[in-house]
């Protein structure tokens, strides 16, 4: 089982993928979400969202700001790019 990652912007869906890990630029500090992470909601600041696919490939997306919700191995991110 992996994490379902959805990154959305006002323009539409930017990323929809199953991933092993996601690192996000939280307003207090960067943090990583792994499988079975505790539920949370957090604001995001400008920076890079870095995610690792099931094959081990790292990809990233630069954002200006946003919010993330983590729940039941789903990471839903709303951002401005």
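In this note's numbering, the protein residues as written are 1261 to 1341. Note that beta-carbon positions come from the ideal geometry of N, C-alpha and C, so glycine has one too.
Identify, in the order they occur along the chain, each residue of the same chain with its Cβ nearer than 7 angstroms to the Cβ of residue i, setting aside the five sequence neighbours on each side.
i: residue 1317; result: none
i: residue 1299; result: 1330 and 1331
Report the CB separation of residue i from residue j in whole angstroms; it is logged as a contact under 8 angstroms.
i: residue 1303; j: residue 1287; result: 5 angstroms
i: residue 1280; j: residue 1269; result: About 23 angstroms separates the two Cβ atoms, so there is no contact after all.
i: residue 1321; j: residue 1275; result: 6 angstroms
Over the uninterrupted beta strand (DSSP E) stretch that includes residue i, give me the two end residues.
i: residue 1312; result: 1307-1313
i: residue 1336; result: 1334-1340
i: residue 1280; result: 1272-1285
Please report the straight-line C-alpha distance between residue i and residue j, rounded to a whole angstrom.
i: residue 1305; j: residue 1284; result: 9 angstroms
i: residue 1297; j: residue 1331; result: 8 angstroms
i: residue 1333; j: residue 1340; result: 23 angstroms
i: residue 1327; j: residue 1314; result: 24 angstroms
i: residue 1309; j: residue 1273; result: 15 angstroms
If you drop the 5 nearest sequence neighbours on each side, which residues of the same chain put their C-beta closer than 6 angstroms to that of residue i?
i: residue 1277; result: 1265
Among residues of its own chain, excluding the 5 on either side of residue i, which ones have a beta-carbon nearer than 8 angstroms to its beta-carbon?
i: residue 1325; result: 1303, 1304, 1305, 1306, 1339 and 1340
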